Amino acid sequence: MHPALAVTELVELVCEKLHEPKIDELAGNEGTLASLAVTCRAFREPALDTLWRIQLGIDNIIKCLPSHLWEIREDGDPMTVASPFSFHLIGPVQPADWTVPLSYSRRIKVLLMKEVLTDLRFPDGALFEAIASTLPSQLLCPNLQVLTAWADGEAYFPYLNLFLGPRIKDVSIAISRFDIPIPSNLNLQSLKKLHVLSPLPTAAEITTLCRSACDLIRQLHQIEELWVPNVDREALEQLSRLPSLKVLTLDHSRVGFHGPATMATASGAHLVSPLFPALQRVFLHDALPNFIVEFLKLHSSDCPISYISVTITEGGDLSAVSAAISSRLCSVDDLTLYLTLYEGPPSIHDGNINDLVPLLSLGNLVRVNLTLPVVRRIDDALLMDIATSWPKLKALTLQESDHRLSQQLQPPRMTLNGIVALATYCRDLERLTLQINGAAAILAPADDHFPEPQLALRTFEVGSSPIGSDADSVAEFLGRLFPRLRSIDRGFHQGTSEVARTTERRWKRVQKLLRKEKHV
Numbered sequence: 000m001h002p003a004l005a006v007t008e009l010v011e012l013v014c015e016k017l018h019e020p021k022i023d024e025l026a027g028n029e030g031t032l033a034s035l036a037v038t039c040r041a042f043r044e045p046a047l048d049t050l051w052r053i054q055l056g057i058d059n060i061i062k063c064l065p066s067h068l069w070e071i072r073e074d075g076d077p078m079t080v081a082s083p084f085s086f087h088l089i090g091p092v093q094p095a096d097w098t099v100p101l102s103y104s105r106r107i108k109v110l111l112m113k114e115v116l117t118d119l120r121f122p123d124g125a126l127f128e129a130i131a132s133t134l135p136s137q138l139l140c141p142n143l144q145v146l147t148a149w150a151d152g153e154a155y156f157p158y159l160n161l162f163l164g165p166r167i168k169d170v171s172i173a174i175s176r177f178d179i180p181i182p183s184n185l186n187l188q189s190l191k192k193l194h195v196l197s198p199l200p201t202a203a204e205i206t207t208l209c210r211s212a213c214d215l216i217r218q219l220h221q222i223e224e225l226w227v228p229n230v231d232r233e234a235l236e237q238l239s240r241l242p243s244l245k246v247l248t249l250d251h252s253r254v255g256f257h258g259p260a261t262m263a264t265a266s267g268a269h270l271v272s273p274l275f276p277a278l279q280r281v282f283l284h285d286a287l288p289n290f291i292v293e294f295l296k297l298h299s300s301d302c303p304i305s306y307i308s309v310t311i312t313e314g315g316d317l318s319a320v321s322a323a324i325s326s327r328l329c330s331v332d333d334l335t336l337y338l339t340l341y342e343g344p345p346s347i348h349d350g351n352i353n354d355l356v357p358l359l360s361l362g363n364l365v366r367v368n369l370t371l372p373v374v375r376r377i378d379d380a381l382l383m384d385i386a387t388s389w390p391k392l393k394a395l396t397l398q399e400s401d402h403r404l405s406q407q408l409q410p411p412r413m414t415l416n417g418i419v420a421l422a423t424y425c426r427d428l429e430r431l432t433l434q435i436n437g438a439a440a441i442l443a444p445a446d447d448h449f450p451e452p453q454l455a456l457r458t459f460e461v462g463s464s465p466i467g468s469d470a471d472s473v474a475e476f477l478g479r480l481f482p483r484l485r486s487i488d489r490g491f492h493q494g495t496s497e498v499a500r501t502t503e504r505r506w507k508r509v510q511k512l513l514r515k516e517k518h519v
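Under numbering that gives the first Met the number 0, residues 0 to 519 are what the sequence shown spells out, in order.
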């Protein structure tokens, strides 16, 4: 054997290179790797490790059992299921029959159990029960690190521990039925990342879902990233005491909070104070305003949160949310805020501009995205307040919840004149998204009052903003303010009407002129 083949890293690199898909192929070169494992002793183990490292389901494991013990049977209606074929064990399986399958399954690091990724239907409970009752050990994949189990139905729920070994770090599971609770005895103590996907529950299903969430959270001693559906006060209080939680995503946060908070003390050495001691990034999807307010009340002033994204999809008190955000996150040095409100079809009722005022106290904001109906009411004066209040901005997005509003209602109140304030006070602003009235007359400041060129801005997304016929003047004005601006992005708002095509043509003219200019 050549001495170079004794270098483990070199052999592994060769296997990785052979396994990479070709440009015109979706799959890797498994055939070459398999041949290499059979014909060259030095490559056998590394090649097998590479071949088995990522598996799309447990099909290949079952195929390693003696052939008289299993079959692929057509037992589903091809008109109603993704695949009518599924695995079945047809003979008594003995513990010794698992010797060969386990010699390969121990190599699996990533297991993706999704019906869309295989030609076979997702295994049913009978198959999992047969595996669990005959396996000589408690784990089917003892070295598994990442598990994704998304299927229609939760027949596999009672058998998840077959895959939750000491090295598991990342688990993603899907819930499609709420009458089957997630088991409370899962081996999740060493888990770092968990994603539980679910549809929107009905009012009757919320209790079951919240109970499952509580059971899960009690087991997450080392979790760093967590994505779970609806939680109640008890679950929220448990979350607040997780010592390592850095990223938290809550879906369908629609549970109301009534009465005084108990802040019940949970047991276990993993529970600590202060609350949310490590939390850095928060995502609240489909959340009721009162839930958001209660959630933020759990945070102390020294909470390390630097990123918060909130999506409110039902009517509520936006001002209370703004006030809670500003009071609880005012001391953060580098804060990103995404605040979105979807209120259904376009409406002339665009909210109260005063709902945004509490946010102006957050002088620490670095990235802001406000996708709200009330954005339509922002004018140049308020844009001046925004610029002076948020001088650290690197990215700013102010847009309506539904871009159709700008096509059916009055033009935006912000004009090109308003962005002079952004050039003056937000010297680090790199990306800007605004709905402006580009057709309004440009009132350029006198030369001795014109701000120093702002050299950071590279991209300006104008969406469906109207623009007048004098695109050259717009380009000249923007070029003086932002000499390094080169991209005028229309996003998905081009449209097909004659007005839309004319608007698109004029903004393209502005971009062309900006790219021609020899600015700083």
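For glycine and all other residues, C-beta sits at the position ideal for the given N, C-alpha and C. Just so it is clear, the structure is predicted and the values come from calculations on it, not from any experiment.
The region 139 to 150 makes contact with the region 95 to 110; the number of CB pairs closer than 8 Å reaches 3 or more. Aspartate 169 and valine 227 have their C-alpha atoms roughly 14 Å apart.
A contact is defined here as three or more CB-CB pairs under 8 Å, and the region 42 to 53 fails this definition with respect to the region 89 to 99. When DSSP states are grouped into helix, strand and coil, arginine 430 belongs to the strand group. Secondary structure note for asparagine 59: its alpha helix (DSSP H) is the uninterrupted segment 58 to 62.
Shown here for valine 367: same chain residues with a beta carbon closer than 6 Å to its own, the five before and five after excluded, namely Leu336 and Leu395 in chain order.
Under DSSP, glutamate 224 shares a beta bridge with Lys192 and Val246. Looking at Pro276, Pro390 and Ser85, the one whose alpha-carbon comes closest to that of glutamine 221 is Pro276. Assignment of beta-bridge partners to serine 85 by DSSP yields Arg72. With fewer than 16 other beta carbons inside 10 angstroms of its own, isoleucine 89 counts as exposed. Within the same chain, Cβ atoms closer than 7 Å to the Cβ of leucine 295 are found at Ala323, Ile324 and Arg327, the five residues on either side in sequence being excluded. Excluding its 5 nearest sequence neighbours in each direction, alanine 386 has C-beta neighbours in its own chain below 6 Å: Ala420, Leu421, Tyr424 and Cys425, listed in chain order. In this structure, glycine 164 sits away from methionine 112, with a CB-CB distance that is not shorter than 7 Å. The beta-carbon separation of leucine 278 and leucine 247, rounded to 6 Å, stays under the 8 Å limit for a contact. Between glutamate 429 and lysine 393 the beta-carbon gap is near 5 Å, inside 8 Å, which marks them as a contact.
Contact annotation: proline 182 and proline 157 have beta-carbon atoms nearer than 7 Å. The residues Ser321, Ala322 and Ser325, in chain order, have a CB closer than 6 Å to that of proline 357 in the same chain once the five nearest residues on each side in sequence are set aside. Within 10 angstroms of the beta-carbon of aspartate 379 lie 16 or more other beta-carbons, which makes it buried. Secondary structure at isoleucine 304: coil, using DSSP grouped into helix, strand and coil.
Only residues of its own chain outside the window of five on either side were considered, and among them Leu88, Ile89, Gly90, Val92 and Asp96 have a CB closer than 7 Å to the CB of leucine 68, listed in chain order. Residue environment analysis places cysteine 39 among the exposed positions, since fewer than 16 neighbouring C-beta atoms fall within 10 angstroms of its C-beta.
DSSP, reduced to helix, strand and coil, places leucine 161 within a helical segment of the structure shown. The beta carbon of proline 288 lies closer than 8 Å to those of Ile311, Gly315, Asp316, Leu317, Ala319 and Val320 in the same chain, with the five residues before and after it left out. Spatial neighbours of threonine 414 in its own chain (CB-CB distance under 7 Å, excluding positions within 5 residues in sequence) are listed in chain order as Asp379, Ile435, Asn436 and Ala439. Taking the Cα of serine 308 as reference, the smallest distance to any Cα among Asn184, Leu159, Ile377 and Leu249 is reached at Leu249. For a cut-off of 8 Å, the C-beta gap from serine 252 to alanine 212 is around 11 Å, too long to register as a contact. In the same chain as glutamate 128, and ignoring 5 residues on each side of it, no C-beta atom comes closer than 6 Å to its own.
In the structure shown, tyrosine 424 adopts helical secondary structure according to DSSP, grouped into three states. The C-alpha of leucine 119 lies about 11 Å from the C-alpha of asparagine 59. One Cα belongs to lysine 62, the other to serine 104, and the distance between them is close to 11 Å. Beta-carbon to beta-carbon, isoleucine 466 and arginine 505 are separated by about 5 Å, close enough to satisfy the 8 Å threshold.
Residue environment for glycine 417: buried (at least 16 other C-beta atoms within 10 angstroms of its C-beta). The beta carbon of glutamate 15 sits closer than 8 Å to those of Thr49, all from its chain and outside the five residues before and after it, given in chain order.
Counted as a single uninterrupted DSSP element, the beta strand (DSSP E) harbouring lysine 113 occupies residues 109 to 113. Runs of the alpha helix (DSSP H) spanning 4 or more residues and lying entirely within the region 461 to 519 occur at 470 to 480 and 497 to 515, in chain order.
Ranked by Cα distance from alanine 445, the first of Asn186, Gly462, Ser464 and Leu480 is Leu480.
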